[in-house]
Each structure stands twice: as C-alpha cells, then as structure tokens.
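A short write-up of the structure that comes next.
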Amino acid sequence: MELKVATTATGVPGKDITIAQQSLSLAEGLLARALTHIKSVCSAGDQLLPERLDQYQLVSYDLSFCAAEIAAGKALIDYAHRCGASDERLPWAACQFIAEAVQAIAARLRARPADYGLEAACVADCFAAVDELGLAQHYLRGQVMADLGRALLGQGGEFLPTGLDQEKEIIRDTFRRFADDVVMPLAEDIHRQDLDVP
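Positions in the sequence shown are counted from 1; adding 1380 to them yields our numbering.
Written as structure tokens, this is what we have:
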C-alpha cells in the first residue's frame, strides 16, 4: 500500500483542516478494511453469527470507538467548513480533536493488528504517513492545547459559532439561561453536600 503525503501541518488552523481531513481519511481506510474483516469472520452469507461476534467482542468494541471518532471528526470538518470563516477557534478545535482521535485510533489498531485483519506493516505505514502530516506534532503540543483553551475561555463563555438560525439560537440561549440560573446552583449544592440528584 503506497501512501503519499501531500503537505504538512502549518500551524494555521484554516489551512490545516485539509491536513486533518487527510489524516482522518488515512485512518478511515484502515477502519474500512478492519470492518470488512470483522464482517467476514462474524457472518455466514447475509447472516450475522452472534457466537462469532461474541468471540470478536473486544475488536468490535474498539472498532466502534474508531468509527465514532472518525464520524465526529468528519462532522467537525464539515462544521469548520460551514462556520469556520467566522471564528478561527473552530478549525483549531477541529484540528486538535482530529489529531487526538487519529492517535487514539492508531493506538488501538497498532495494539493487535491481526485481530482486525490487518498486517502490522500496513498499520505502521499508514500511521507513519499520518505522522508525516505533522498534525499531532503541532496540535497536541501542551502549549498549543493550552492556547486553544485560553482562546475558548477568553470569549467569556460564548460558544463557537453554531450555524443555527435565529429561532434555534433563541431556544439555545433559553436553555443556557435555565442551566445557569436553575441547574448550576442545584448541582453545586448536590456536589458540595453529597446529596442525591433529584
């Protein structure tokens, strides 16, 4: 499997979202192969065999996390494309999340590649290509993560842009005020006094 690396992370989130997408695509390719393998060993024809699925429970569990992280990463990329021009924190958060998610996927697939129907060399090559993209090396540095946290906190509790219409923004703000005014004071008392949640 020949993997080509187009470019490397620049530290400019608006540009690096493409690198994040490449990283995610590389991981998704391995996930697709692993899912095909699990389907083949856990089914006969079109029938899923529960006893075989039980034997591959840990692998299925791990792959479900991988699939969820990839789906969340894709949603963040879409979100960054839709709303990121109005707030640079959005592609930054997307790049950081995807860098971390791809590292988690790599850790799972590297741990027992044969269980996923993958060759160790193929997994290593894929994630070497991901590493060459440089997303994790930049966005998972402690200082960069802390800078994003400060940028998010510096907005005084304002959310990232939502892309919601005005009516849904009003609904969101209503729930937020309710949470701030009613839920948070109760939660603080429950926590500090070790009470049961009503």
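Quick reminder that beta carbons are idealized off the backbone N, C-alpha and C, glycines included.
C-beta atoms of I1418 and L1443 nearer than 8 Å: Stepping through the sequence shown from its first residue, residue 1418 is reached at position 38. Stepping through the sequence shown from its first residue, residue 1443 is reached at position 63. Contact flag set, yes.
Bridge partner(s) assigned by DSSP for S1423: Numbered from its first residue, the sequence shown carries residue 1423 at position 43. Note: S1423 sits in a beta bridge opposite L1428.
In chain order, each alpha helix (DSSP H) run of at least 4 residues that lies wholly inside the segment 1388-1425: 1393-1421
Cβ shell of V1385 (< 7 Å), same chain only, five flanking positions each side left out: The residue given as residue 1385 occupies position 5 in the sequence shown. Because V1385 sits at a pLDDT of 42, beneath the cut-off of 50, its placement in the model cannot be relied upon, and the following sentence gives the value as read from the coordinates. Within the same chain, V1385 has close Cβ partners A1509, E1512 and L1513.
Option in E1549, G1453 and S1466 with minimal Cα separation from S1480: For this step, residue 1480 is matched to residue 100 along the sequence shown. Note that residue 1480 corresponds to Glu in the displayed sequence, not to Ser. E1480 has its Cα closest to that of G1453, out of E1549, G1453 and S1466.
Spatial neighbours of V1563 in its chain, beta-carbon cut-off 8 Å, leaving aside the 5 residues before and after: If you number the sequence shown from 1, residue 1563 lands on position 183. Same-chain partners within the cutoff: there are none.
Start-to-end residues for the alpha helix (DSSP H) that takes in G1453: Sequence index remark: in the sequence shown, residue 1453 carries index 73 (1-based). G1453 -> alpha helix (DSSP H) spans Q1437 to C1463.
Of the listed residues A1516, R1462 and D1560, nearest to G1543 (C-alpha basis): Reading the sequence shown from its first residue, position 163 is the one you call residue 1543. Of the candidates A1516, R1462 and D1560, the one whose C-alpha sits nearest the C-alpha of G1543 is R1462.
Limits of the unbroken alpha helix (DSSP H) element including T1554: The count along the sequence shown starts at 1 and reaches residue 1554 at position 174. Run containing T1554: Q1546 to F1558, per the alpha helix (DSSP H) assignment.
Proximity of R1469 and A1531 at Cβ, strictly below 8 Å: Within the sequence shown, numbered from 1, the residue matching residue 1469 stands at position 89. Within the sequence shown, numbered from 1, the residue matching residue 1531 stands at position 151. In this structure, A1531 lies closer than 8 Å to R1469 by Cβ.
Of the residues D1569, D1561 and P1393, the one placed nearest C1475, counting alpha carbons only: As a position in the sequence shown, residue 1475 is number 95, starting the count at 1. Taking only the C-alpha atoms, the option nearest C1475 is P1393.
Alpha-carbon to alpha-carbon, D1426 and L1520: Locating residue 1520 in the sequence shown gives position 140, counting from the first residue. Locating residue 1426 in the sequence shown gives position 46, counting from the first residue. Their Cα atoms are separated by approximately 42 Å.
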